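Numbering (my numbering), first residue to last: 23 to 294. Contents: one structure, followed by commentary.
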Amino acid sequence: MTTAGHIHIERRNQVAIIFLDRPQRRNAFNETMLKELARVTAILKENPPRAVVITGTGDQAFSAGFDVNPDNPMVTAFIAAAEKHDEGLAGQAIGDLRRIVDEFIALPVPIIAALNGIAYGGGAELCVRCDLRVMDPQAVICFSEVRLGLMPDWGGGATLARLIGPSRAADLILTARKVGATEALALGLTNRISKAGSALEEAVCLAEAITANGPRAVRNALEIIRRSQDLSLTAALELELARATTLIASGECIHGVSAFLMKKPPDFPDVA
């Protein structure tokens with residue numbers, strides 16, 4: 023296991039599991055923990071797995087989001103910007119935080135959030151920015167920012183609108199109401215509901231199902247899924263054709279087709 027203070031990485035074959043480990047604050051992010059996420063992201067970039075699962079330690083919280091605590095230097099920065107009505111300071115404070123989240127989400131492999139408990143505020147934003155979500159039956163998602171006179175700023179607002187539609191996103195963000203697993207599944211906010219206490223295990227099983235497939239195929243298909251939301255249909259189709267062409271030329275399909283013809287599981291080489 024690789025550790026960086028309150029964030030740990032465990033490797034299970036081709037899957038990297040990230041544990042948010044600050045249970046005394048419901049796995050909320052302070053400045054130190056955000057820097058740890060940046061270091062963990064750098065580690066995964068250097069030696070990428072085929073899939074990533076992120077979860078919280080314990081059975082109470084995935085993450086309560088941003089730690090609103092006087093001991094958190096980032097809170098001091100936000101308050102200073104608010105008191106001075108200084109958009110420059112506010113933009114710098116938010117931008118520093120947002121870049122860390124953006125870089126993590128940009129990892130070129132599928133990222134699965136295993137919601138073992140509450141996901142509030144930035145925790146809710148982080149989970150919706152992941153590619154897939156698995157929720158414990160008792161887990162709860164809440165975009166709670168407006169209760170503090172704030173709004174989503176980890177990229178979760180725009181992502182949520184694309185994920186479940188603008189009207190449903192408005193319902194969740196503007197009311198800051200809590201959403202349980204059953205409603206989240208109906209809204210398309212989560213992909214699966216696990217058995218009680220098994221969100222991590224089911225998320226890892228989902229990740230392992232992905233890692234059994236061609237890693238280049240998964241990466242290229244994932245790029246299209248992620249980028250197509252920002253492109254016209256014509257541009258997305260052109261990009262899909264370009265990536266499919268590159269994928270075939272990589273030779274990865276030789277392993278898959280050969281295994282299929284021999285009626286055995288494929289053994290795909292890692293991406294160099």
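No residue lacks a Cβ here, since even glycine has one placed at the ideal position from N, Cα and C. Computed from a predicted model, the values in this text were never measured in an experiment.
**OP:** Spatial neighbours of Ile76 within its chain, please: CB distance less than 6 Å, with the 5 preceding and 5 following residues excluded, ordered by chain position.
**Re:** Excluding sequence neighbours, Ile76 sits near Ile40 and Ala135.
**OP:** Going by CA-CA distance only, name the one from Glu260, Phe282, Ala258 and Pro291 that's closest to Ser272.
**Re:** Shortest Cα-Cα distance from Ser272 to any of Glu260, Phe282, Ala258 and Pro291 involves Pro291.
Original post:
In the region 206 to 272, which residue ranges form an unbroken alpha helix (DSSP H) of at least 4 residues, counting only runs that do not cross its ends?
Top reply: Complete alpha helix (DSSP H) runs here, min 4: 221 to 233, 237 to 249 and 255 to 272.
Original post:
Taking DSSP as the reference, what is the three-state secondary structure of His277?
Top reply: Helix, per DSSP.
Original post:
Do Asp89 and Asn138 come within 8 Å of each other at the CB atom, strictly closer than that value?
Top reply: Going by C-beta atoms, Asn138 is not nearer than 8 Å to Asp89.
Subject >> Cβ neighbour criterion (16 or more within 10 Å) applied to Gly110 >> reply: Exposed, by the Cβ-count rule.
Subject >> Residue environment, Thr267, which counts as buried when at least 16 other CB atoms sit within 10 Å >> reply: Thr267 should be labelled exposed.
**OP:** Please state if the CB of Ile232 and the CB of Val240 are separated by a distance shorter than 8 Å.
**Re:** Their beta carbons are under 8 Å apart, which means Val240 touches Ile232 by this criterion.
**OP:** Give the C-beta separation of Gly143 and Gly87 to the nearest angstrom, bearing in mind that I take them to be a contact with Cβ-Cβ under 8 Å.
**Re:** Indeed, because the Cβ distance is near 3 Å, the residues count as touching under 8 Å.
Original post:
Taking the alpha-carbon positions, what's the Pro288 to Ala257 distance?
Top reply: When rounded, the distance between both Cα atoms is 32 Å.
**OP:** Go ahead and label Ala360 buried or exposed: buried means 16 or more other beta carbons lie within 10 angstroms of its beta carbon, across all protein chains shown.
**Re:** With the chain represented from 23 up to 294, any question about residue 360 goes unanswered, as that position is not in the structure.
Subject >> Same chain, Cβ closer than 8 Å to Lys57, five either side skipped, listed in chain order >> reply: Answer for Lys57: Ile122, listed in chain order.
Subject >> Beta-carbon spacing of Leu42, Thr79 below 8 Å >> reply: For the pair Leu42 and Thr79, the CB atoms are nearer than the 8 Å cut-off.
**OP:** Determine the contact status of Leu197 and Ala206, defining contact as a CB-CB distance below 8 Å.
**Re:** According to the sequence shown, residue 197 is Thr rather than Leu. No, they are not a contact pair.
**OP:** Please report how far the alpha carbon of Gln46 lies from the alpha carbon of Met284, in whole angstroms.
**Re:** For the pair Gln46 and Met284, the Cα-to-Cα distance works out to about 53 Å.
Original post:
What are the boundary residues of the alpha helix (DSSP H) that Phe126 is part of?
Top reply: Membership of Phe126 in the alpha helix (DSSP H) is indicated by the continuous run Glu109 to Ile127.
Original post:
Taking buried to mean at least 16 other C-beta atoms within 10 Å of its own C-beta, is Asn308 buried or exposed?
Top reply: Summary: the structure shown does not reach residue 308, with the chain confined to residues 23 through 294, and so no result is reported for it.
**OP:** Reducing DSSP to helix, strand and coil, say where Ser189 ends up.
**Re:** Ser189 falls in the helix class under three-state DSSP.
Original post:
How should Leu263 be labelled, buried or exposed, when 16 other C-beta atoms within 10 angstroms of its C-beta is the threshold for buried?
Top reply: Leu263 should be labelled exposed.
Original post:
Taking C-beta to C-beta, are Ala146 and Cys164 nearer than 8 Å?
Top reply: Taking the C-beta atoms as reference points, Cys164 is found nearer than 8 Å to Ala146.
**OP:** Determine, using beta carbons only, whether Ala38 and Ile29 come nearer to each other than 8 Å.
**Re:** Not closer than 8 Å, so no.
**OP:** Taking all protein chains shown into account, decide if Met173 is buried (16 or more other Cβ within 10 angstroms of its Cβ) or exposed.
**Re:** Exposed is the call here.
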